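According to this note's numbering, the sequence shown is numbered sequentially starting from 39. Where a beta carbon is used, it is the ideal one built from N, C-alpha and C, also for glycine. Note that this is a predicted model, so its numbers are computed, not measured. One structure is given below, encoded as structure tokens.
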Amino acid sequence: MTNQSSIRTFFLCDCWITSILKYYVIANFILILGGIILDFFSLLNARELWILIWAIILIPPIFKIKIQRISKTIKKINTVKKILTFSNKSERIFIFFTLIIVFVNLLTCLFFYAYNWDSMSYHLARVMYFIQNQNTDFFNASYWAQVFHPVYSSYLNIAFFMLFGDEKGMNLVQFIGGCFSAFSVFGIALFFSENIIPSILSGCLFLNLTQVNLQMTSTQNDLWMSSLLGCSLYFLILLKDKKSINLVFLSCLGVAISLGGKLSGVLYIPSILVLLLITIEDRKTQFWYCIIFALLASFIFFTSGYWENLTHFGTIAGSQEVVEEHSFKHFTIIERLQFGVENTFRYSVHFFSLDGMPDIGVIREVHREMKKISIAFFQLLGANLYNQEGTRSPFVIDGPYANENISYWGILGFLVWISVFSSIFVKRFRHFSPLAFCAIIFLLAQSFSSQYDPWRGRYFIACAIFAAPITSLAFQRYSYHKIVSLTLIMFLGLGSFSSLTTLFFRGDRPLIPYRGMKSILTMNRIEQLTSERTVLTQPAIAITNWIDRYPHFPLYTILPANFHEYILFRGNQVIPLNGILESFQEKMLTSIDSGLLLYDRKIYPDRQAEDIRFGANLFGRIIGEELQ
39 MTNQSSIRTF FLCDCWITSI LKYYVIANFI LILGGIILDF FSLLNARELW
89 ILIWAIILIP PIFKIKIQRI SKTIKKINTV KKILTFSNKS ERIFIFFTLI
139 IVFVNLLTCL FFYAYNWDSM SYHLARVMYF IQNQNTDFFN ASYWAQVFHP
189 VYSSYLNIAF FMLFGDEKGM NLVQFIGGCF SAFSVFGIAL FFSENIIPSI
239 LSGCLFLNLT QVNLQMTSTQ NDLWMSSLLG CSLYFLILLK DKKSINLVFL
289 SCLGVAISLG GKLSGVLYIP SILVLLLITI EDRKTQFWYC IIFALLASFI
339 FFTSGYWENL THFGTIAGSQ EVVEEHSFKH FTIIERLQFG VENTFRYSVH
389 FFSLDGMPDI GVIREVHREM KKISIAFFQL LGANLYNQEG TRSPFVIDGP
439 YANENISYWG ILGFLVWISV FSSIFVKRFR HFSPLAFCAI IFLLAQSFSS
489 QYDPWRGRYF IACAIFAAPI TSLAFQRYSY HKIVSLTLIM FLGLGSFSSL
539 TTLFFRGDRP LIPYRGMKSI LTMNRIEQLT SERTVLTQPA IAITNWIDRY
589 PHFPLYTILP ANFHEYILFR GNQVIPLNGI LESFQEKMLT SIDSGLLLYD
639 RKIYPDRQAE DIRFGANLFG RIIGEELQ
């Protein structure tokens with residue numbers, strides 16, 4: 039193998055990429071299927087059975103690697119080394135910095151605790167309830183997302199929690215998803231570009247996008263869902279050259295599983311269908327793709343929670359209030375079109391940002407001026423971006439942000455969108471245009487499907503799956519044009535700098551002290567879990583100490599939806615007395631057994647003299663003579 043074309047053949051035809059991504063999708067399916075079975079028999083807390091499921095996944099590849107000939111392994115290692123001979127110094131530096139970013143994120147996953155609002159109030163809290171209840175049946179949670187959202191990502195969190203026997207194991211779900219997302223971007227780019235180094239750089243660029251970088255250490259599920267989308271997209275484009283029912287099944291399976299993570303996975307479908315029609319000319323393959331996807335989607339519908347939502351609340355999303363809040367349900371067609379166009383412009387503005395860089399001095403001013411210029415451009419087109427009708431939250435141009443909810447792509451987003459539109463309007467780049475159309479369709483699907491919400495930055499990771507592979511066209515060309523070469527080197531340098539500052543100055547838990555915030559290195563567990571809501575830190579310490587004094591008694595709660603419930607699980611049973619299924623009624627206190635009552639005075643104002651005051655409107659009461 040002496041040229042890049044032969045190495046491309048080695049990666050694609052020798053099934054490196056295909057085998058790895060296939061294994062990832064099947065492993066996800068096995069873990070989730072195992073979760074479905076254990077859930078059915080109310081055995082979600084059976085660690086021995088989870089370990090058995092993990093053995094089914096991990097033993098075959100370990101055995102396969104063990105029996106491979108040493109010479110074959112050395113050959114593959116030499117091939118990987120040979121790849122770097124086609125790169126120049128700036129490319130190697132960018133790859134090196136990306137590996138540092140990935141390594142630091144891995145250390146963060148292994149040694150630090152989760153912290154964001156979604157994790158504390160929703161993702162990890164519901165995981166603990168599922169383990170406690172041994173199944174995912176409806177329970178009286180105070181926060182609707184714990185009950186209404188589909189459960190597939192929770193199965194994975196439980197699986198990793200059981201494998202490692204430690205809560206930090208759950209951090210690895212999204213980290214691994216980020217690695218496989220980048221690998222799928224590499225595979226997709228390699229298929230279209232036929233050039234190894236530009237494809238590797240595209241995968242690295244994806245990992246350096248601010249939102250991706252942040253999500254790799256988050257216990258949310260958007261990056262995990264996007265990794266399955268990336269696998270599906272890769273298998274779909276392979277169908278262009280190879281008609282295979284196995285590839286059809288794998289492609290459908292990836293998208294279907296993502297739907298079991300969250301309803302936002304529906305946003306992937308328009309782009310996938312367009313790509314299917316554009317790239318696959320064989321009608322029979324298209325037919326089977328639609329049939330298999332429909333069958334898998336039906337399986338997901340009945341096993342991930344959608345069917346239960348429909349039968350109990352009349353919609354697959356849960357209650358009518360949730361549907362109204364997250365859609366344009368009560369608006370006219372004309373209003374929906376107007377708000378959809380305004381949303382398209384609003385989200386586009388968010389890509390003109392320096393997200394990930396420190397929110398200080400000249401960086402802040404440059405960031406805001408960039409946004410003001412982009413806003414002025416869209417206002418010339420007649421759009422009122424500050425119109426609050428049809429929005430969940432006001433449109434703002436603050437930042438730059440290093441937060442996994444509201445950050446977007448950062449400085450490298452420019453390079454991505456320039457590549458997207460270049461592939462549409464520049465003739466020699468047109469072979470990438472199917473991916474460009476998919477990225478634009480995703481943007482439109484997001485804009486026209488629901489009311490504007492600035493906390494949609496993480497949803498656009500899926501858009502990056504379509505768009506990031508297109509950047510390989512820029513990396514193919516820049517070495518022949520000095521100005522383009524210097525511009526791209528500047529982008530890569532700023533992108534690397536932004537990734538490092540994202541890690542060091544991350545919102546609410548920086549690695550080094552920043553703007554009055556403590557370093558995460560000096561925070562204890564409770565401080566990390568409450569770093570996004572520091573007003574809860576001292577109350578949480580007092581509450582957990584109080585709970586630990588009575589480890590064998592249940593904890594009854596009357597708490598608001600935004601409380602960080604995850605901190606309450608200390609091995610004891612947690613029983614909510616108020617929630618979306620049944621609101622709190624004072625008569626409930628007369629029928630409960632001995633235990634501890636934790637309540638928010640705004641919900642239950644009947645404070646007694648002996649009740650313990652924790653702070654932040656939180657009080658505790660001991661119920662039962664044996665605890666006195």
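- The closest CA to that of ASN251, considering only SER632, LEU482, ALA440, ILE58, is found on ALA440.
- Boundaries of the alpha helix (DSSP H) harbouring LEU473: 471-487, taken from the DSSP string.
- In the three-state scheme derived from DSSP, where H, G and I count as helix and E and B as strand, VAL223 is classed as helix.
- For VAL612, the pairing in a beta bridge is given by DSSP as LEU593.
- In this structure, ARG547 lies near TYR153, with their beta-carbon atoms less than 8 Å apart.
- Taking a contact to require three or more Cβ pairs closer than 8 Å, the stretch 212-221 and the stretch 460-469 do not qualify as touching.
- Membership of ARG651 in the beta strand (DSSP E) is indicated by the continuous run 650-653.
- Taking every protein chain shown into account, the CB of MET528 has fewer than 16 other CB atoms within 10 angstroms, so this residue is exposed.
- With a contact defined as Cβ atoms closer than 8 Å, CYS242 and ILE133 qualify at about 6 Å.
- Your pair TYR588 and LEU634 checks out as a contact, with CB atoms roughly 6 Å apart and the cut at 8 Å.
- Within its own chain, the residues whose Cβ lies closer than 6 Å to the Cβ of ALA580, once the five positions on either side in sequence are excluded, are PHE652, listed in chain order.
- When the five nearest sequence neighbours on each side are left out, the beta carbons in the same chain lying within less than 8 Å of the beta carbon of PHE176 are those of VAL185, GLU346, HIS350, LEU619, in order along the chain.
- PRO598 is classed as exposed because its beta carbon has fewer than 16 other beta carbons within 10 Å across all chains shown.
- The stretch 406-415 makes no contact with the stretch 218-233, as fewer than three CB pairs between them are under 8 Å.
- Put simply, the stretch 278-291 does not touch the stretch 165-174. Fewer than three CB pairs are less than 8 Å apart.
- Judged by beta-carbon spacing, GLY428 lies beyond the 8 Å limit of TYR497, meaning their Cβ atoms are not closer than that value.
- If you look at TYR637, you'll find it in the beta strand (DSSP E) that goes 633-638.
- Restricting attention to alpha helix (DSSP H) runs no shorter than 4 residues, the stretch 309-359 encloses them at 321-341, 344-351, ordered along the chain.
- Here the C-alpha atom of LYS520 lies approximately 36 Å from the C-alpha atom of THR56.
- Between the alpha carbons of THR575 and PHE601 lies a gap of roughly 12 Å.
- Around the beta carbon of SER536, a 10 Å sphere encloses 16 or more other beta carbons of the protein chains shown; the residue is thus reported as buried.
- Proximity to GLY451 across VAL400, GLY533, GLY399 peaks at GLY533, based on C-alpha coordinates.
- When secondary structure is reduced to three states using DSSP, PHE463 falls in the helix class.
- Here the alpha carbons of ILE89 and LEU148 stand approximately 20 Å from one another.
- Residue pairing by DSSP places ILE660 opposite LEU634 in a beta bridge.
- It is roughly 15 Å from the alpha-carbon of LEU313 to the alpha-carbon of ALA227.
- For GLU232, there is no enclosing alpha helix (DSSP H), as DSSP marks it with neither H nor E.
- Distance from the CA of SER569 to the CA of GLU380, rounded to the nearest whole angstrom, comes to 34 Å.
- Under the three-state reduction of DSSP output, TYR153 falls in the coil class, being neither helix nor strand.
- Taken in chain order, the whole alpha helix (DSSP H) runs of length 4 or more contained in the stretch 501-571 are 510-515, 520-542, 563-567.
- In its chain, beyond the 5 residues on either side, GLU380 have a beta carbon closer than 8 Å to the beta carbon of ASN422.
- Per DSSP, ILE618 lies in no alpha helix (DSSP H) and is assigned neither H nor E.
- The bridge partners DSSP lists for THR429 are TYR490.
- At a Cβ-Cβ threshold of 8 Å, THR323 and LEU276 do not count as neighbours.
- When the beta-carbon positions are compared, PRO188 and GLY299 come within less than 8 Å of each other.
- For ALA179, the secondary structure class from DSSP, reduced to helix, strand or coil, is coil.
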